[in-house]
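Working notes, beginning with the structure itself.
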Amino acid sequence: MRLAIFLLIFCIFEYAVGVDPTNFKTCEQSSFCRRSRKIQPGNSKFALVPGSMNTYANSITADIINKETQHLFILKLEALVDNKFRLLIDEKTPLKPRYKVEHVLVGEPQTEPLVVEKEDKTEIVLSSGTNKAVIVADPFRVDFYENGALVVSANAKGLMNFEHLRNKPQTNPDGSQNEQEGGGAAVAPQTPEDSDPGAWEENFKSHHDSKPNGPEAIALDFSFPEADVLFGIPEHADSFILKSTSGSDPYRLYNLDVFEYIIDSKMALYGSVPVLYGHGSQRTAGVFWQNAAETWVDIYLTEQNVVSSIVKLVSGSRKVDPPAAHFISESGVIDAFILLGPKPMDAFKQYTSLTGVGNLPQLFSLAYHQCRWNYNDAKDVETVSTKFDEYDIPMDIMWLDIEYTDGKKYFTWDQFKFPDPLSMIKNLTDVGRHLVVIIDPHIKRDNGYFFHNDCTEKGYYTKHKDGKDYEGWCWPGSASYPDFFRQDVRDYYADQYLLSNFKTVTSDVMIWNDMNEPSVFNGPEVTMPKDLIHHGGWEHRDVHNLYGHMHIMGTYEGLLRRDPNQRPFILTRAHFAGSQRYAAIWTGDNMADWGHLQHSIKMCLSEAVAGISFCGADVGGFFGNPDAELFERWYQTGAFLPFFRSHAHIDTKRREPWLFPEKTRLIIREAIRKRYSYLPLWYTMFYEHEVDGSPVIRPLLAHYPKDKDGFAIDNEFLLQDRLLVRPVMQHGVSKVDVYFPALDEKKTVGDVWYDADSYQKYERVGKETIAVDEYKIPVFQRGGSIVPKKERIRRSSPLMKNDPYTLIVCLDRNGKAEGTLYLDDEKSFDYRQGKFVYINYKFDGSKLTNNFVKPPNYDSKSWIERVVIAGLDRQPKSATITINGVTEQLEVVAHEKAYVIRKPGVAIHKDFEIKLNY
């Protein structure tokens, strides 16, 4: 008991004082990273074995040999549909199987024909449509071409590493070595990893890793000859564009519980998505490194001058030392998907075609969320909800952190603080609000707790290598961790969400999965030991980055079992490639300072291009107490990120908006109300994300790929291609610089932009200084777009369901605009049976028309209340609307720098034409 109290006090203290980087490994302290990083460029020991190729309709296989050890590997190269290749390398005859990642891809990737154009001792040339893959024999290298251009080269730097499985050598009295019994007749040649002190066991602080399989690292470098910048591989609190790792540690992908994390850092955080893109003004390409073990990524960037930038190689023109990434993983196999672009949006969609898209969320989840650790009791929840109404501030979701439970036992309630949860939930749902409760993966070891007893009896916990249940420490004290890699464990866990089991909630209560890296307070690097055993006999080291992903898979299934026709909402902290199919994420335990506010944009942009659009950051900062100005600016920023939640640590001051001075409360109210006005746009964007996999929020280079000055900009971002948002994220400023990107490399032309508040037009390319006051952050609508809004703001989004729409039409230089609107019942999966309305609006210079992408199959009660047109060169005298052949006159009035067509009154699911009269 004393130990439990000590550990909990220690952990709370750690949370209060911030992260100690020495509690987490550096590359030098991680032996596999240290070994792989010592490999010198340009001297690869791997070569293709001549004459070993086998050809199939959509793939080839061939042998690769390590020339030092003579160990053989098998290469498989597949051509995939939609400008993709897959490169797999495994041991040809391993001592035992190596782990291959499961549960990440949405299905087996669809292949395309692969034709052998050439095969000799020096190279193999393969083609798939207009794409080619050229395999160079010795040293081994694979060059990938898109429409004649070399865009990705694997092992061009010669940094490949593949440590084959072996038996541990025994040292004889005379100092010689031989293999352990059963290791074969011959002793393998000595390799650098055999003599590495961390090859067969490794210590970090007080923790010991037994490493029973010995050294098994894999590594491969990828060069991007057409690229100027590299980006991707979230999650890191760093710039959107990746920095050189020369002279520093590589970027680390290893899901960890890091509180008060350091910004401008390559340290690992809560999620790991190993997809990386190289972008230049002509092309974009990417690599998805499908590996769930601890991974480090070195970034190579070289400043080039005109004289040295191009050199002729046998395989074609190539930049000297183009940008490159070196992926280093502790175990598994090489399984890399090559994304050939050629445009940024093409590459992003190629990635989501592999790992999936975020499902269309219920509309309420795109509204405003109110949370803290913790709301004290049911009365506190009721008071906060009522106060939002008293101060006329919209709010959709109240959240409860760990203190709502009975002693940190999930699927239970504290009966003193929350004696009647169903009544509390009903009070919220009666006014259109929802409740979210937290369910973490650590299970309290308490003989009076049904979940623990069931997991113990049925053997559901993750195991030590000796077969005993693993016991660690987390918020409940002594805890064990379900092995979510077992289907029966996920089934058991999912069943706990059934209303017949979790009787004190309703199907409208949604779920927050936290601490699922997994967080283990007394574990190595605050997580599980790597030599624990999961289903199938796989070590935790093989699957670590997947643990949280498997947790949310179980949660998602549980919410579907609870109510098969209601879309689940889940928030997760840990995530991996493909987690977007199940949950939203947030950027974790940030701090109440301007730097963390700025990094919320950088981090969510990196997640969005890695398939995870539903991202946000704790508004106000989780740790610390924001002053009024920071709090205001954070709300204004958060209102334009996909996931919009205020959250705070248990030791912070209460910070509901009405606890600040009136001016601050009104500024926050205005920011939240603005979010609600744009909910039709958010909902439409998330539907379109599910349809085609395109990110919801986007970096400038997504739509302005030729403007090199915009590549590294990460203090502003796009909502699709419709809005440009430049939050105010500096203290005490009265103006900010906004960068308007160019459409061409010479920066001679850009889009027309309109201030979303005043409709002031901006047509120049480059930086423009924009004045701001306390209420103002610069948001601009692109000329040529139409944005749907709802401007009757109510206490919660469900109460706005039947309210009318306003269409904001901003014209391009040709006087035209186009945009979409999607709507359905905002809750169920009926939209997948076609029950929705999806409209494409067009303005051709004189008239506005609608076109249903599919015949409307949802009876909406909404209508069009106003049409605002910005960019007209003269004022219309009036307008006419024609519906079913009947024409009526409409009033047109001037508003700011735009014109408003008042009260068209047409039902949203009806065809119409509005014509301007001059």
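With mature numbering (1 follows the signal peptide of the UniProt record, and there is no 0) applied, the sequence shown corresponds to residues -18 to -1, 1 to 900, in that order.
Virtual Cβ for every residue (Gly too), placed ideally from N, Cα, C.
CA-to-CA distance, residue j to residue i, given in whole angstroms
{"i": "Tyr386", "j": "Phe818", "result": "38 Å"}
{"i": "His631", "j": "Ile775", "result": "30 Å"}
{"i": "His522", "j": "Val363", "result": "39 Å"}
{"i": "Glu101", "j": "Ser34", "result": "11 Å"}
{"i": "Asp231", "j": "Ala306", "result": "16 Å"}
{"i": "Ile594", "j": "Ser561", "result": "8 Å"}
{"i": "Glu10", "j": "Thr277", "result": "13 Å"}
{"i": "Lys7", "j": "Glu507", "result": "7 Å"}
{"i": "Thr75", "j": "Phe55", "result": "8 Å"}
{"i": "Ser828", "j": "Asn899", "result": "8 Å"}
{"i": "Ser221", "j": "Asn358", "result": "37 Å"}
{"i": "Leu803", "j": "Lys645", "result": "35 Å"}
{"i": "Lys859", "j": "Asn572", "result": "53 Å"}
{"i": "Phe642", "j": "Ala610", "result": "7 Å"}
{"i": "Leu648", "j": "Asn504", "result": "45 Å"}
{"i": "Asp855", "j": "Ser767", "result": "17 Å"}
{"i": "Asn341", "j": "Arg148", "result": "44 Å"}
{"i": "residue 982", "j": "Pro179", "result": "Given a span of -18 to 900 for the chain in the structure shown, any question on residue 982 remains unanswerable."}
{"i": "Val874", "j": "Ile846", "result": "15 Å"}
{"i": "Thr368", "j": "Asn547", "result": "30 Å"}
{"i": "Met535", "j": "Arg543", "result": "12 Å"}
{"i": "His533", "j": "Ala694", "result": "35 Å"}
{"i": "Asp477", "j": "Asp545", "result": "12 Å"}
Where residue i falls: helix, strand or coil (DSSP)
{"i": "residue 904", "result": "Only positions -18 to 900 of the chain appear in the structure, and residue 904 is not among them; the question remains open."}
{"i": "Ser588", "result": "helix"}
{"i": "Ser779", "result": "helix"}
{"i": "Leu542", "result": "helix"}
{"i": "Trp271", "result": "strand"}
{"i": "Pro471", "result": "Checking the displayed sequence, the identity of residue 471 turns out to be Val instead of Pro. Helix, per DSSP."}
{"i": "His218", "result": "coil"}
{"i": "Ala694", "result": "coil"}
{"i": "Ser716", "result": "coil"}
{"i": "Cys9", "result": "coil"}
{"i": "His446", "result": "coil"}
{"i": "Val850", "result": "strand"}
{"i": "Ala181", "result": "coil"}
{"i": "Arg300", "result": "At Arg300, the pLDDT of 47 sits below 50, so the modelled position is not reliable; the number obtained from the coordinates is stated separately. Arg300: strand per DSSP, three-state reduction."}
{"i": "Leu283", "result": "coil"}
{"i": "Arg17", "result": "helix"}
{"i": "Gly801", "result": "strand"}
Buried or exposed by the 16-neighbour rule on C-beta atoms within 10 Å, applied to residue i
{"i": "Gly577", "result": "exposed"}
{"i": "Thr112", "result": "exposed"}
{"i": "Asp2", "result": "exposed"}
{"i": "Gln857", "result": "exposed"}
{"i": "Asp473", "result": "exposed"}
{"i": "Arg814", "result": "exposed"}
{"i": "Lys78", "result": "exposed"}
{"i": "Asp246", "result": "exposed"}
{"i": "Ala876", "result": "exposed"}
{"i": "Val835", "result": "exposed"}
{"i": "Phe432", "result": "exposed"}
* To do: Taking 8 Å as the threshold, find out whether the region 776 to 788 comes into contact with the region 674 to 681 through three or more Cβ pairs.
  => With the rule of 3 Cβ pairs closer than 8 Å, the region 776 to 788 does not count as touching the region 674 to 681.
* In chain order, which beta strand (DSSP E) runs of at least 3 residues are fully inside the region 48 to 91? -> Entirely contained in the region 48 to 91, the beta strand (DSSP E) runs reaching 3 residues are, in chain order, 54 to 62 and 66 to 73.
* To do: Indicate whether the contact test is met: 3 or more Cβ pairs, each with one atom in the region 208 to 217 and one in the region 184 to 192, closer than 8 Å.
  => Segment contact: the region 208 to 217 against the region 184 to 192, fewer than three CB-CB distances shorter than 8 Å; contact not assigned.
* Take every Cβ of the region 333 to 340, pair it with every Cβ of the region 96 to 110, and state whether three or more of those distances are shorter than 8 Å. => Cβ pair count under 8 Å is below three, so no.
* **Contact between the region 363 to 380 and the region 337 to 352 (3+ Cβ pairs under 8 Å)** => Taking a contact to require three or more Cβ pairs closer than 8 Å, the region 363 to 380 and the region 337 to 352 qualify as touching.
* Report the residue ranges of all beta strand (DSSP E) runs contained in full by the region 718 to 749; include only those spanning at least 3 residues, in chain order. => As far as the region 718 to 749 is concerned, its whole beta strand (DSSP E) runs of at least 3 residues are 735 to 737.
* Asked: Are the region 136 to 154 and the region 200 to 214 touching by the rule of at least three beta carbon pairs closer than 8 Å?
  -> Judged by Cβ distances under 8 Å, the region 136 to 154 makes contact with the region 200 to 214, as three or more pairs qualify.
* **Three-pair Cβ contact test at 8 Å for the region 648 to 656 versus the region 788 to 808** => When C-beta atoms of the region 648 to 656 are compared with those of the region 788 to 808, fewer than three pairs fall below 8 Å, so the two segments do not count as touching.
* Asked: Would you call the region 72 to 87 and the region 13 to 22 touching, i.e. three or more CB-CB distances under 8 Å?
  -> Contact between the region 72 to 87 and the region 13 to 22 is absent, because fewer than three Cβ pairs lie under 8 Å.
* Asked: For the region 543 to 629, which segments carrying the beta strand (DSSP E) assignment without a break, of at least 3 residues, lie completely within its bounds, in sequence order?
  -> Complete beta strand (DSSP E) runs here, min 3: 552 to 554, 566 to 568 and 626 to 628.
* To do: Could you tell me which uninterrupted alpha helix (DSSP H) segments, each at least 4 residues in length, are contained entirely in the region 342 to 426, listed from first to last along the chain?
  => Correct list: 360 to 372 and 403 to 411.
* **Given 8 Å, three or more beta-carbon pairs between the region 564 to 573 and the region 542 to 556** => Touching, yes, given that three or more Cβ pairs across the two stretches are closer than 8 Å.
* contact_flag[the region 435 to 442, the region 486 to 499] where n(CB pairs < 8 Å) is 3 or more -> No, the region 435 to 442 is not in contact with the region 486 to 499.
* Validate contact between the region 539 to 546 and the region 460 to 480 using beta carbons, cut 8 Å, 3 pairs -> Using a Cβ-Cβ distance cut-off of 8 Å, the region 539 to 546 and the region 460 to 480 are in contact, since at least three pairs of beta carbons, one from each stretch, lie closer than that value.
* Any contact of the region 266 to 283 with the region 234 to 243, i.e. 3+ C-beta pairs under 8 Å? -> Yes, since at least three Cβ pairs between the region 266 to 283 and the region 234 to 243 fall closer than 8 Å, the two stretches touch.
* **Touch test, the region 616 to 632 against the region 257 to 273, Cβ-Cβ under 8 Å, three pairs minimum** => The way I'd put it, the region 616 to 632 doesn't touch the region 257 to 273; fewer than three beta-carbon pairs between them come closer than 8 Å.
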